[in-house]
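Encoded as structure tokens, the structure appears first; notes follow it.
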Amino acid sequence: MPTVEIAALGATRKLLGFSRRTVEMEKGTVADLLRAMPTVEGNNLYAHLVCEGKLRGDYAIVVDGLSLRADQLERPLSGGEQVVMMAILRHLHGG
Amino acid sequence: MNPATQSATNHGQWILSTCGMCLHGCGIRVLVNDGVALKIEGDPTNPDNLGKLCPKGNAGLGRLYDPNRILKPMKRTNPEKGPGVDPGWVEIEWEEAFEITARELGKIRAEDPRKLLCAIGDFQRILLWGWPAVFGSPNFFTSLGNYCGGSYHPVNGSVDGSFAAINDYDYCNYWIQIGSGDGFSSHLHVAGSTKRMADARMRGMKVVALDPRCSVAAAKADEWIPTLPGTDRAFVLGMAHVLVHELKRFDREFLRDRTNAPYLVKEDGYHLRDADGKAQVWDLRANVPAAWDAVPAEAMALEGSFGVNGTRVRTGFQVWKDILVDHTPERMAEITTVPAATIRRIAREFVEAAQIGATIELNGKTYPYRPAALNYYRGSQSHGNGLFDNLTYKLFNMLVGNLDIPGGHLGVPLDHRGFFISPGEDGMLKPEPHQLHPAPPFKYPADSTHLMEWFPIGFDAGQLNTETLLEPERFGLNYTPEAMLLYHSNPLWNLPETDKVEEIMRRMKFVVAIDIHLTESTQWADVFLPASTFLESTLLNCLEPPAVTGHAVRQPVVAPLGDTKDAYDILTELAERMGFLDDWNDLLNMVSGFIAKPQYLLDPGRRYSVDEYWDRVAKTIYGEERGLEWFKQHGHAVRYRTPEEAYMPYGNLRIPFYFEFILRTGAELREKMNQAGPVGWPLDNYRPLPFWKNSQVIEDGKRGYDFYAISFKEVLHTFADTVVMPWLTEVSEKDPIHQGILINRATAARLGIRTGQRIRLTSPGGSIEGDAQVVEGIHPQVLGVSNAISREFVPGIKKKGSHFNRLLTGSMKYTDSATGGLESTARVRLEAI
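Chains A and B supply the protein sequences, listed in that same order. Just add 35 to the spot in the first sequence (first one is 1) and you have our numbering. Just add 180 to the spot in the second sequence (first one is 1) and you have our numbering.
What follows is the structure, given as structure tokens:
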């Protein structure tokens, strides 16, 4: 079965309980992947990261180095992709 | 260009690295023999600085071997704190230093991490600026970056996705310089820039400098035009009036085809839009409004007022044209003291030099060619209406069509990633005012003590700390900071209202400093963690390069002296001891680009050395074959930017001339503040176009504060931490401009003041004293204070104590309400004492 390499950073790491994992999945979309990923408190990642069908603005998903727009959750995954998920840190202050 | 001739000395080994004496990091080579660094020169192989090096870089050994460096961790034994109070330092081992720090900061983190105030000022390691965010503190207790770039960076990012800006050294023929040392003494990569400026002058480029003081730039210019501080915008608005209303010479095609100047604006200030939400233009073929993408550019009206459904609409260009009607040279002359005839003459010279309509071929591609440009920096726009200052300078450049064009005014990216380019609305480039970090969402009360949540397009307004922390109830602040982390930052020096900063520091229960010296601020520390200098540490550097792109390595040329550590290692150790190493590594993963190359992601639970980290950064950007070891051998992977990278990198996307998004952002913020926010918070600068409006500094002049006071620096010193270096102060102490408070000769004669006489300057914010230094080269109404005499706690230097920032005020009255940019000029009374 095709696999996808998952890297979870920051808050998503804490939601999932792991930082790196290889996940088997049938052909599907990024949204399908999120639905298939259980969180430590018993829900799934889709419930946390998605609002009204779009990726929440305080999260980012990067597939093979390219960051998805909020409305790109139906991007297909065919296997072999590297997917990085993370919460955006707002107060990375600087000058 | 020929690189500078290098030394023939070969007693030892030359090691390639980058300078750390300012924020930019010119390439250097260091001669080392038997573990002793003997000499520093510019790296002739690095196209950034072409083997050149400024005095600060040349004096870098003085930082490494400074006898006043702190070389071992220390803790204070005297609980009493204050200026002149002996802390009772005792040296301790790193284990104890880390244990104390982790314990005290850990308590804060467990209670409420917002209680930590952070002052982090190492520009060459911006990645470390994220440490407070991972700790959980949103606070920014320093004016670093905002003092010069508070309005500058947001506007650059909003216009063309850049972070800084510079005129085109290679092709410009007429260079107007306003309040800046670019190419002469400071700002972007000064060593290489002075070479580029000199070469441009040799081929005949003319420089006109507008400055209150005869700076090095003004002294070397073809013409120096003295002006009052904070009025530079008026000069440029006057010139814009001349171009648009008198000469009627401006680049119509550029404005019509490459900006949103033709987009129609309603009377409420917002674009006219169709049912699909598309911005409208006036179609000259049919004399009706139509969607911007339904009309070929040549059929769009650039100027004009039109009736649509009983209301009046104007093009964005027409709106500014109408604003400029009363910005006549005569009116602007009253504001600036620059004669109207001079404003007209410079405007005419500029537009003639711009060669509107000309083209040039580069690398087989034809570009527009506009060899006239206006460059500007801190002195011209670090003021209470800094947004309007920056917008004015951009729009003036756009009038001759020179933005990001050969010969013209070019955006400079933050780093190797280049311009931040993505499509926005209506065929526009998406504005990117936040390039260092995303804007936090609005929140009331704010989490941050500098109210970053209330500046959706602004910068980190660290100066507001003096209001929020001493009057928290006015801002709804619902916690009280108790601890402070100082890392290469001196807030008691760099923030306005020194007395208030001191009061804030008195309230801290625990202060930890990561630094090299004792300073006005670090002397308040409970624990001092000594950092390695730039000659003992590692990183890859690429910050605001004006002509090149790529990275240069910084590597230890000698083993760290004493018992010092790299700041990366210090902060990583603290993160591990406080239990958030995983989050710290994840932040590094996000900001270092590892998410694009997941094979280099840091494992959250593992501690990485500074070398391991930078090796991954190098490989992420340059490939597996070019890790840290490659960089240590070769020094750099720096190259010139190609014409495609430097000129119009955003292709056919339009850039803003009319800034509707600023208007909209202000309206959205007002709505949120009306629902839940502080009463009376100023929002008056959220305007789509600039105009003349008096700042508080102008208003202070009506209350008997007759003079303007400015601070300045020249190439010998940056910030103020170079003042501790004898090689540099020995030179600066011979220069009259660094001997006292500058006062114009005629003014001094009128007031009976002579050189060496003690004088006092008093502003609405505070007062300073110093010795008068009578000079010719300063505007008669202006008093100048060099940063070389501004330190108050520095052993061994002769001139000190005229700390300019005591004259400044950090409140919103003196802050740009849209960007958070602070006011860097003060109105003062002058008295002999």
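Yeah, the Cβ is synthetic: ideal placement off N, Cα and C, and Gly gets one too.
Any idea what DSSP makes of residue 56 of chain A, helix, strand or coil?
Strand, per DSSP.
Which residue's Cα is closest to the Cα of residue 447 of chain B: B:495, B:462, B:430?
Taking only the C-alpha atoms, the option nearest residue 447 of chain B is B:495.
Is the shortest distance between the beta-carbon of residue 48 of chain A and the beta-carbons of chain B less than 8 Å?
Residue 48 of chain A counts as touching chain B.
So, for residue 958 of chain B: in the same chain, excluding its five sequence neighbours on each side, which residues have a beta-carbon less than 6 Å away from its beta-carbon?
Within the same chain, 393, 922, 924, 964 come within 6 Å of residue 958 of chain B by CB-CB distance, once the 5 residues on both sides are set aside.
Is there a C-beta anywhere in chain A that falls below 8 Å from the one on residue 924 of chain B?
Closer than 8 Å: no.
Using 8 Å as the threshold, is the C-beta distance between residue 305 of chain B and residue 748 of chain B below it?
It is a contact, given that the beta carbons lie within the stated cut-off.
I think residue 920 of chain B touches residue 953 of chain B, with their Cβ atoms under 8 Å apart; what is that distance to the nearest whole Å?
Going by Cβ atoms, the distance from residue 920 of chain B to residue 953 of chain B rounds to 3 Å, so yes, they are a contact pair.
Tell me whether residue 142 of chain B is buried or exposed, calling it buried when 16 or more other Cβ atoms sit within 10 Å of its Cβ.
The requested residue 142 of chain B is not part of the displayed model; chain B covers only 181 to 1013.
Regarding residue 1005 of chain B and the ligand FMN, is the C-beta to nearest heavy atom distance less than 7 Å?
In terms of ligand content, the structure shown is empty, and the ligand FMN therefore cannot be addressed.
Could you run through the segment 95-108 of chain A and flag, in chain order, every residue whose CB is less than 9 Å away from some CB of chain B?
Hits within the stretch, in order: 95, 97, 99, 100, 101, 102.
Three-state secondary structure (DSSP) at residue 292 of chain B?
Three-state DSSP puts residue 292 of chain B in coil, outside helix and strand.
On the three-state DSSP scale, how would you describe residue 481 of chain B?
Reduced to three states, the DSSP call for residue 481 of chain B is coil.
What is the rounded straight-line gap between the Cα of residue 49 of chain A and the Cα of residue 280 of chain B?
Taking the straight line joining both Cα atoms gives about 28 Å.
Taking the alpha carbon of residue 695 of chain B as the reference point, which residue from B:723, B:684, B:717, B:666 has its own alpha carbon closest?
Between residue 695 of chain B and the set B:723, B:684, B:717, B:666, the nearest pair of CA atoms involves B:666.
Could you give the uninterrupted runs of the beta strand (DSSP E) lying entirely in the segment 867-907 of chain B, keeping only those of 3 residues or more?
Taken in chain order, the complete beta strand (DSSP E) segments of 3 or more residues contained in the segment 867-907 of chain B are 887-892.
By Cβ distance below 7 Å, which residues in the same chain neighbour residue 601 of chain B in space, the five residues on each side in sequence not counted?
Excluding sequence neighbours, residue 601 of chain B sits near 341, 609, 829, 830.
Which value, in whole angstroms, describes the spacing of the CA atoms of residue 434 of chain B and residue 478 of chain B?
Residue 434 of chain B and residue 478 of chain B have their alpha carbons spaced roughly 11 Å apart.
Hey, how far is the Cα of residue 926 of chain B from the Cα of residue 914 of chain B?
Answer to the nearest angstrom: the Cα atoms are 23 Å apart.
Using the Cβ count rule (16 or more neighbours within 10 Å means buried), how would you classify residue 753 of chain B?
Taking all protein chains shown into account, residue 753 of chain B has 16 or more neighbouring C-beta atoms within 10 Å of its C-beta and is therefore buried.
May I ask you to verify whether the segment 509-526 of chain B touches the segment 411-418 of chain B, counting CB pairs closer than 8 Å and requiring at least 3?
Yes: the two stretches touch, three or more of their Cβ pairs being nearer than 8 Å.
Contact with chain A by residue 758 of chain B, beta-carbon distance below 8 Å:
The Cβ of residue 758 of chain B sits no closer than 8 Å to any Cβ of chain A.
Answer yes or no: does any C-beta atom of chain A fall closer than 8 Å to that of residue 776 of chain B?
At a cut-off of 8 Å, the C-beta of residue 776 of chain B has a neighbouring C-beta in chain A.
Taking DSSP as the reference, what is the three-state secondary structure of residue 199 of chain B?
For residue 199 of chain B, the secondary structure class from DSSP, reduced to helix, strand or coil, is coil.
Members of the segment 602-616 of chain B near chain A, C-beta cut-off 8 Å
So the list reads 616, given in the order they occur along the chain.
Here's the rule: buried if 16 or more other CB atoms are within 10 angstroms of the residue's CB, otherwise exposed. What is residue 1012 of chain B?
With fewer than 16 Cβ atoms within 10 Å of its Cβ, residue 1012 of chain B is classed as exposed.
Whole-angstrom distance between residue 299 of chain B and residue 655 of chain B, CA atom to CA atom
Cα atoms of residue 655 of chain B and residue 299 of chain B: separation of roughly 21 Å, rounded to the nearest angstrom.
Between which residues of its own chain and residue 52 of chain A is the CB-CB distance below 7 Å, once the five residues before and five after are set aside?
Excluding positions up to five away in sequence, the list reads 75.
Residue span of the beta strand (DSSP E) that contains residue 763 of chain B, given as start and end
Looking at the DSSP string, residue 763 of chain B is not in any beta strand (DSSP E); the run it does join, the alpha helix (DSSP H), is 761-771.
Can you give me the C-alpha to C-alpha distance between residue 573 of chain B and residue 721 of chain B, rounded to a whole angstrom?
In a straight line, the C-alpha of residue 573 of chain B is about 29 Å away from that of residue 721 of chain B.
Every unbroken alpha helix (DSSP H) inside the segment 916-1002 of chain B [4 residues or more]:
Fully enclosed alpha helix (DSSP H) runs of 4 or longer: 925-931.
Check whether the Cβ of residue 66 of chain A lies closer than 8 Å to any Cβ atom in chain B.
It does not: the Cβ of residue 66 of chain A has no partner Cβ on chain B nearer than 8 Å.
Residues that residue 80 of chain A contacts on chain B, provided the C-beta gap is smaller than 9 Å:
Per Cβ cutoff of 9 Å: no residues; residue 80 of chain A is ~16 Å from chain B at best.
Test item: CB-CB of residue 712 of chain B and residue 740 of chain B under 8 Å
Result yes, Cβ atoms of residue 712 of chain B and residue 740 of chain B sit closer than 8 Å.
Rounded distance between the beta-carbons of residue 553 of chain B and residue 348 of chain B, thought under 8 Å
Confirmed, Cβ separation roughly 7 Å.
Does DSSP classify residue 560 of chain B as helix, strand or coil?
Correct three-state label for residue 560 of chain B: helix.
Does any CB atom of chain B fall closer than 8 Å to the CB of residue 90 of chain A?
No, no contact with chain B.
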